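Structure record follows, encoded as structure tokens.
In the numbering used here, the protein residues as written are 696 to 1009.
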């Protein structure tokens, strides 16, 4: 998409006509049928929107286990949830069937589904891998790595648009480093490390991470947490804590230049992907999925507010 815009000399770019599609990037991991690629991506986007709607739906059974299920049935929440699950399951099965029933030689690089199918067919495998397992992996990749990554790119570009000096500096560094390659590749991603860190500090992908349940009673900083308590970690607040950061509300990517603080879970003042044994398993993939389009956007285009609008509206 970016190459197309450059070829047409479309120097003005708006988010209403996005210059990248997250499923395009995801397709390198799970390849869609080359003949129906556009239709499948459109269908997936529609299913994804339905999933996001279900994520935000309040289910009474979560708060009132004994009688809440009845209210969820009566208001239609359970029916919508079951339909969405069925539609997504059919979509995953179609992706698997396309790989299993492929008749022509595949000239593309093997994707995740190809690898999982090979493991499934391996008689020496120490465990049984079923189609349901493969569907679960596809679900984690497609649902966990699309909207989250796209939102992070949007936040990064928003922050750069609000801070033209930072935008100009980033563009100069990327363009000087990449030269006339025409495109930023994954091998060049380290050059935007500090921009990614600062964006994730201010706008972590999952502000409250994934909730956990305490196995035992414990006391943390004088606060008692009973056994089997649902615990949320506010990564958004941690990233803006004045005890950890100088001028925490200010977008300042340079704060990470020469700093040993990293987002990978060992520095607790920056934990956008969580930490410990239950750190986000897709952290590396998610970071690359953000960096590739972001790098190419600042490398390939000059950015300005549309229609003379002021930056303060962002």
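In this text, a Cβ means the ideal position worked out from N, Cα and C, and glycines have one as well. Computed from a predicted model, the values in this text were never measured in an experiment.
Return the CA-CA distance between residue i and residue j, expressed in angstroms with no decimal places.
{"i": "residue 876", "j": "residue 888", "result": "20 Å"}
{"i": "residue 825", "j": "residue 900", "result": "31 Å"}
{"i": "residue 995", "j": "residue 849", "result": "16 Å"}
{"i": "residue 851", "j": "residue 761", "result": "44 Å"}
{"i": "residue 873", "j": "residue 992", "result": "13 Å"}
{"i": "residue 769", "j": "residue 834", "result": "28 Å"}
{"i": "residue 809", "j": "residue 907", "result": "33 Å"}
{"i": "residue 1009", "j": "residue 863", "result": "18 Å"}
{"i": "residue 1004", "j": "residue 861", "result": "19 Å"}
{"i": "residue 847", "j": "residue 990", "result": "13 Å"}
{"i": "residue 999", "j": "residue 898", "result": "22 Å"}
{"i": "residue 811", "j": "residue 797", "result": "15 Å"}
{"i": "residue 747", "j": "residue 881", "result": "29 Å"}
{"i": "residue 771", "j": "residue 937", "result": "45 Å"}
{"i": "residue 765", "j": "residue 750", "result": "19 Å"}
{"i": "residue 793", "j": "residue 868", "result": "43 Å"}
{"i": "residue 879", "j": "residue 859", "result": "21 Å"}
{"i": "residue 976", "j": "residue 1006", "result": "36 Å"}
{"i": "residue 815", "j": "residue 791", "result": "12 Å"}
{"i": "residue 845", "j": "residue 763", "result": "34 Å"}
{"i": "residue 939", "j": "residue 967", "result": "15 Å"}
{"i": "residue 870", "j": "residue 945", "result": "25 Å"}
{"i": "residue 987", "j": "residue 740", "result": "20 Å"}
{"i": "residue 759", "j": "residue 1002", "result": "51 Å"}
{"i": "residue 997", "j": "residue 805", "result": "35 Å"}
{"i": "residue 934", "j": "residue 736", "result": "34 Å"}
{"i": "residue 924", "j": "residue 953", "result": "39 Å"}
{"i": "residue 866", "j": "residue 902", "result": "28 Å"}
{"i": "residue 813", "j": "residue 853", "result": "42 Å"}
{"i": "residue 744", "j": "residue 767", "result": "20 Å"}
{"i": "residue 918", "j": "residue 971", "result": "22 Å"}
{"i": "residue 985", "j": "residue 733", "result": "22 Å"}
{"i": "residue 922", "j": "residue 789", "result": "42 Å"}
{"i": "residue 909", "j": "residue 883", "result": "41 Å"}
{"i": "residue 941", "j": "residue 795", "result": "54 Å"}
Going by DSSP, name the residue or residues bridged to residue i.
{"i": "residue 753", "result": "Looking at the DSSP assignment, residue 753 forms no beta bridge with any residue, so it has no partner."}
{"i": "residue 918", "result": "915"}
{"i": "residue 775", "result": "DSSP lists no partner for residue 775."}
{"i": "residue 907", "result": "926"}
Contact defined as beta carbons within less than 8 Å: I believe residue i pairs with residue j. What is the distance between those atoms, to the nearest angstrom?
{"i": "residue 782", "j": "residue 742", "result": "6 Å"}
{"i": "residue 930", "j": "residue 904", "result": "5 Å"}
{"i": "residue 836", "j": "residue 807", "result": "7 Å"}
{"i": "residue 780", "j": "residue 738", "result": "Rounded, the Cβ-Cβ distance is 16 Å, inconsistent with contact."}
{"i": "residue 956", "j": "residue 965", "result": "6 Å"}
{"i": "residue 920", "j": "residue 926", "result": "7 Å"}
Can a CB atom of chain B be found closer than 7 Å to the CB of residue i?
{"i": "residue 857", "result": "Among the chains in the structure shown there is no chain B, since it carries only a single protein chain."}
Item checked: Three-pair Cβ contact test at 8 Å for the segment 828-839 versus the segment 901-921 -> Contact between the segment 828-839 and the segment 901-921 is absent, because fewer than three Cβ pairs lie under 8 Å.
Next item on the list: Report yes or no: do the segment 945-953 and the segment 884-902 share at least 3 C-beta pairs separated by less than 8 Å?
Entry: For the pair of segments examined, the segment 945-953 was found to touch the segment 884-902: the number of CB pairs separated by less than 8 Å reaches three.
Check: Would you call the segment 959-977 and the segment 809-827 touching, i.e. three or more CB-CB distances under 8 Å?
Finding: With the rule of 3 Cβ pairs closer than 8 Å, the segment 959-977 does not count as touching the segment 809-827.
Notebook entry, point to check: Between the segment 974-987 and the segment 829-848, are three or more C-beta pairs nearer than 8 Å?
Noted result: Yes, the segment 974-987 is in contact with the segment 829-848.
Note to self: Tell me whether the segment 749-757 and the segment 770-784 touch, counting them as touching only if at least three CB pairs, one residue from each stretch, are closer than 8 Å.
What the structure shows: Taking one beta carbon from each stretch, the segment 749-757 and the segment 770-784 have 3 or more pairs nearer than 8 Å; the two touch.
Check: In chain order, which beta strand (DSSP E) runs of at least 3 residues are fully inside the segment 817-899?
Finding: Within the segment 817-899, no complete beta strand (DSSP E) run reaches 3 residues.
Checklist line | Unbroken stretches of the alpha helix (DSSP H), 4 residues or longer, contained in the segment 919-959 | finding: For the segment 919-959, the continuous alpha helix (DSSP H) assignments of 4+ residues that do not extend past its boundaries occur at 930-933, in sequence order.
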